[in-house]
Amino acid sequence: MKNLSNEAKLLSDLKPVAETKCGFVALIGAPNAGKSTLINRLVGAKISIVSRKVQTTRNLVRGIATDKNAQIIFVDTPGIFAPKRRLDRAMVTTAWGGAGDADVVALLVDARKGPDEEVEAILSHLTLVKGRKVLVLNKIDTVPAENLLALTALLNQKLAFSDTFMISALKGHGVEKLKQHLGGLMKPGPWLYLEDQISTAPLRSLAAEITREKIFERLHNELPYQSTVETEMWKDQRDGSARIEQTIYVMREGHKKIVIGEGGRTIKAIGSAARKDIIEAAEQNVHLFLFVKVRENWADDPERYREMGLDFPKA
Ligand SMILES: Nc1nc2c(ncn2[C@@H]2O[C@H](COP(=O)(O)OP(=O)(O)OP(=O)(O)O)[C@@H](O)[C@H]2O)c(=O)[nH]1
Ligand SMILES: [Mg+2]
3 MKNLSNEAKL LSDLKPVAET KCGFVALIGA PNAGKSTLIN RLVGAKISIV
53 SRKVQTTRNL VRGIATDKNA QIIFVDTPGI FAPKRRLDRA MVTTAWGGAG
103 DADVVALLVD ARKGPDEEVE AILSHLTLVK GRKVLVLNKI DTVPAENLLA
153 LTALLNQKLA FSDTFMISAL KGHGVEKLKQ HLGGLMKPGP WLYLEDQIST
203 APLRSLAAEI TREKIFERLH NELPYQSTVE TEMWKDQRDG SARIEQTIYV
253 MREGHKKIVI GEGGRTIKAI GSAARKDIIE AAEQNVHLFL FVKVRENWAD
303 DPERYREMGL DFPKA
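Residues in the sequence shown are numbered consecutively from 3, following the numbering used here.
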């Protein structure tokens, strides 16, 4: 009797392991291809910030989705381009690192742009990356259908993709099918994250990213890539709300003036837009306090890289 119940217990322990599947899918592509838009759509919530401008994502953002018994851990990566500055190099190295560690690499290509120089460079490097590769043509809402077949043929000639998908991350077309396919590619194994977890980033980093997105939206022309945001304090209050203090680092005194704006108008607008999104992400009321600090060389400061989740490139 004892043995039997032991056996039953053993079986019940083993069963979920045998049935579940899990794995990593890296989304790579040129800047602005729509990687972050896609990961948000796959996960069903905003976990990675999006903008019209290139080079929005700076580090690896993991989003967790499930398809039946498969847990798929998507890794959003910074856009890959020819890096110049130290921060660019850190971002591109990180993106390729994400691709190398994944079970499946999904290359996102902006169907409107097609295989430009950036995509060509990624394709030639991608041949060196092991593992299964799928091609995802994004933004199909912007091009006539006949162009897509030609583009599929051309890109598949350059690299042997196991499959090609045509999607609109923005509108959602084809995304479910892509998710199901990727779910089918996951290997048997236990889930690495809890069923209801959608991201591995702590809320405080997401909150900092949200504020960065709002700065980007308003000030990209004045401050291209010249700011970074850190959440310095997140304190849950008795009434269920959170007091959050964030510092916006800029490079020059002049930039500080731009962020603050006339009579504090700009920073107020940034703060209220960010607060709205942070409330949604945190599911609690939020009091957001923003501070602006000048750090001429923040882009050369290892501490800032650590906060961003990037390795600091020596040169
Ligand atoms: N029309 C259209 N626009 C899209 C689609 N997917 C993304 N976009 C837009 O493309 C722009 C860039 O999207 P992101 O998701 O930030 O692109 P990304 O690849 O993450 O960019 P980086 O982080 O800079 O590498 C945004 O303005 C999106 O709204 C799509 O399917 N159709
Ligand atoms: Mg992005």
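Glycine included, each C-beta is placed from N, C-alpha and C at the ideal position. No experiment lies behind these values; they were computed from the predicted model shown.
Please state whether the Cβ-Cβ distance between residue i and residue j is less than 9 angstroms.
i       : j       : result
Ala-101 : Val-131 : yes
Ile-2   : Leu-221 : Look at the range of the chain in this structure, 3 to 317, and you will see that residue 2 is not part of it.
Ala-65  : Asn-42  : It should be pointed out that residue 65 corresponds to Gly in this sequence rather than to Ala. Cβ distance < 9 angstroms, so Gly-65 and Asn-42 count as in contact.
Thr-249 : Lys-295 : yes
Leu-110 : Leu-40  : yes
Leu-187 : Met-168 : no
Gly-31  : Lys-37  : yes
Ile-246 : Ala-209 : yes
Thr-230 : Arg-214 : yes
Leu-290 : Gly-273 : yes
Asp-165 : Asn-140 : no
Ala-92  : Ile-82  : no
Ligand 1 heavy atoms versus the CB of residue i: any closer than 8 angstroms?
i       : result
Ala-171 : yes
Pro-226 : no
Thr-230 : no
Leu-89  : no
At a threshold of 8 angstroms, does residue i count as lining ligand 2 (C-beta to nearest heavy atom)?
i       : result
Thr-59  : yes
Ser-50  : yes
Lys-141 : no
Asp-198 : no
Lys-37  : yes
So, at 6 angstroms on beta carbons, what are the nonlocal neighbours of residue i in its own chain, with the 5 sequence-adjacent residues on each side left out?
i       : result
Glu-21  : Asn-71
Lys-160 : Leu-125
Pro-190 : Lys-23
Glu-234 : Glu-247, Thr-249
Measuring only from the beta carbon, is residue i closer than 8 angstroms to any heavy atom that is part of ligand 4?
i      : result
Gly-81 : This structure lacks ligand 4; the ligands present are ligand 1 and ligand 2.
Is residue i buried or exposed, if buried means 16 or more other CB atoms sit within 10 Å of its CB?
i       : result
Thr-58  : buried
Arg-277 : buried
Ala-108 : buried
Phe-218 : buried
Can you give me the Cβ contacts of residue i inside the same chain, cut-off strictly under 7 angstroms, excluding the 5 residues immediately before and after it?
i       : result
Leu-184 : Val-27, Ile-74, Val-106
Ala-104 : Phe-26, Val-27, Ala-28, Val-77, Gly-133
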